[in-house]
Amino acid sequence: MFGKILSLFFILYITISSALGLPIKGYDSKQLFNDPDFSKGFSVVSQQTENGNGVKLGNFTYGSSDEIPDWSIAQWSSGKCLWADRAESDPYTITDGISKTVRYNPADKSVSMRLNAANVYNGQPAGDESWPHLLLEQSPIVSYNTLSDSDKSFYNCSADRIVLSLDIRLSDFVDTVNKEGINAAQYLAYFYLCGTDNQKFIWFGVNLFDDRGYQDAYWALDKASNKMIYCVSTKDTYGFKGRSLFRNGKPFVSDEWVHIELDLTPHIEDAIKRANESDTFGTAVSKEDFYIGGTNIGFEIHGNYDCTVDIKDFRLTSYNKTN
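In structure tokens form, the structure reads like this:
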């Protein structure tokens, strides 16, 4: 009996420790992204690009001017500019007053994101030419090749464990869909699997919410970027059906925080397997050929949806066994 209790304690210790990004016996660990509580605010980037990148417009730092944000807000194809057209609000809220709002909640260090795509489409059918996004982004690595060998071992996809943890809830969802268009309200986390040769790239997604219900894992071409997308299934994200943001056949709006803890390692292995099966890169690749270079979190919406999602404690922790 004592052995069973000890084993259960060890399992719980590993689970809780990895979720919080705490040390685990026998492993070294590293947080791959900065400011998991979003306490330093955001840089806001434009919807227009220069050299393929959004242009930084200004910093939203909750009324403080001395913070340098690690995170950015991207706002692709989503109507008025969140910076140039921002409406008067409180120090913790930035909004264009029409389609986009990002609010920091200091009491629990959470971020609320609202995208009202109904105001982008004006009730018209949604199509491929317009796909509103509201994203939080971070790319902490300036140059993978200049990292120390120790840091490379954590950012590289060959790390022993790479654990995503966050709390999430769907706090509002309004369906005003024009049924003639394309209709899908999605909230995802994407990680940038960048090639160590500076050539290869995979959008590696984790499905956090989809108003159409549970989504299977998939491997497909993103026509906008001409890069491949891999996305983890909803079932794998949440573990079992009763915990996701889609319950009883509809989006689950609630004050309840849902905790996600997901080891990305086996899913990265699956993405690599599919890349080799489809000869995506024209040569065989392995996990060692990729590192995690950045992330974006947020909405990608086709259709007249008005959604609000809250997140907190967003952490990606990499673990390597000690020698």
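So the number in this note's numbering is just where the residue sits in the sequence shown, counting from 1, plus 1252.
Even glycine gets a Cβ: it sits at the ideal position worked out from N, Cα and C.
Bear in mind that the values here come from a model prediction, so they are computed numbers and not experimental data.
Beta-carbon separation (whole angstroms), residue i vs residue j, contact threshold 8 Å
i: W1335; j: F1294; result: W1335 to F1294, Cβ: 10 Å. No contact.
i: V1297; j: G1306; result: 3 Å
i: M1480; j: I1454; result: 5 Å
i: M1365; j: T1489; result: About 18 Å separates the two Cβ atoms, so there is no contact after all.
i: L1367; j: L1422; result: L1367 to L1422, Cβ: 12 Å. No contact.
For residue i, the nearest candidate out of the options (CA to CA)
i: V1429; options: R1567, K1277, S1298 and I1553; result: I1553
i: Y1543; options: A1476, L1388, T1347 and P1392; result: P1392
i: V1354; options: N1572, I1549, N1556 and S1570; result: I1549
i: G1315; options: G1304, D1342, G1433 and N1397; result: D1342
i: V1394; options: T1347, L1386, C1446 and Y1344; result: C1446
i: A1359; options: K1564, P1503, A1378 and G1278; result: K1564
i: Y1482; options: N1450, L1516, L1497 and D1507; result: L1516
i: S1570; options: N1371, Y1407 and S1506; result: Y1407
i: S1477; options: E1340, K1452 and K1487; result: K1452
i: E1340; options: S1317, K1308 and F1312; result: F1312
i: I1524; options: G1278, F1456 and D1562; result: F1456
i: R1526; options: S1506, L1473 and F1551; result: L1473
i: S1506; options: I1346, Y1344 and D1562; result: D1562
i: F1551; options: F1425, S1402, Y1344 and P1288; result: F1425
Length of the line joining the Cα atoms of residue i and residue j
i: D1280; j: D1541; result: 21 Å
i: Y1356; j: S1410; result: 34 Å
i: S1382; j: I1276; result: 45 Å
i: S1622; j: D1462; result: Past the boundaries of the shown model lies residue 1622; the chain is included only from 1253 to 1575, so the question cannot be answered.
i: F1566; j: P1518; result: 20 Å
i: Y1439; j: A1469; result: 15 Å
i: G1501; j: V1458; result: 21 Å
i: E1389; j: K1352; result: 16 Å
i: D1412; j: D1522; result: 15 Å
i: F1290; j: V1363; result: 7 Å
i: Y1557; j: R1338; result: 21 Å
i: G1433; j: N1374; result: 12 Å
i: S1259; j: A1436; result: Low per-residue confidence applies at S1259: pLDDT is 39, beneath 50, and the placement is therefore not dependable enough to give any value.
i: K1475; j: N1575; result: 43 Å
i: G1310; j: F1504; result: 35 Å
i: S1530; j: W1471; result: 10 Å
i: G1465; j: G1491; result: 15 Å
i: T1535; j: K1431; result: 43 Å
i: E1576; j: D1427; result: Lying outside 1253 to 1575, the shown extent of the chain, residue 1576 is not represented and no answer is given.
i: L1568; j: I1414; result: 7 Å
i: T1448; j: K1539; result: 10 Å
i: K1487; j: S1317; result: 42 Å
i: D1348; j: N1371; result: 11 Å
i: T1398; j: G1379; result: 43 Å
i: S1400; j: P1384; result: 38 Å
i: I1268; j: E1302; result: Here I1268 scores only 42 on pLDDT, less than 50, and its place in the model should not be relied on; the value that follows carries that caveat. Taking the straight line joining both Cα atoms gives about 43 Å.
i: Q1299; j: I1346; result: 16 Å
i: Y1444; j: V1537; result: 16 Å
i: R1495; j: L1460; result: 11 Å
i: G1278; j: Q1467; result: 35 Å
i: P1377; j: K1308; result: 31 Å
i: N1450; j: Y1344; result: 38 Å
i: D1287; j: R1499; result: 31 Å
C-beta atoms of residue i and residue j nearer than 8 Å
i: K1332; j: I1350; result: yes
i: A1369; j: G1555; result: yes
i: S1329; j: L1386; result: no
i: N1572; j: S1405; result: yes
i: F1285; j: T1532; result: no
i: Y1396; j: G1545; result: yes
i: I1642; j: K1292; result: There is no way to answer for residue 1642, as the model of the chain reaches only from 1253 to 1575.
Test: residue i CB closer than 8 Å to a CB of chain C
i: T1535; result: As a matter of chain content, chain C is missing from the structure shown, which is built from one protein chain.
Counting Cβ pairs closer than 8 Å, one from the segment 1510-1530 and one from the segment 1405-1421, do we hit at least three? yes
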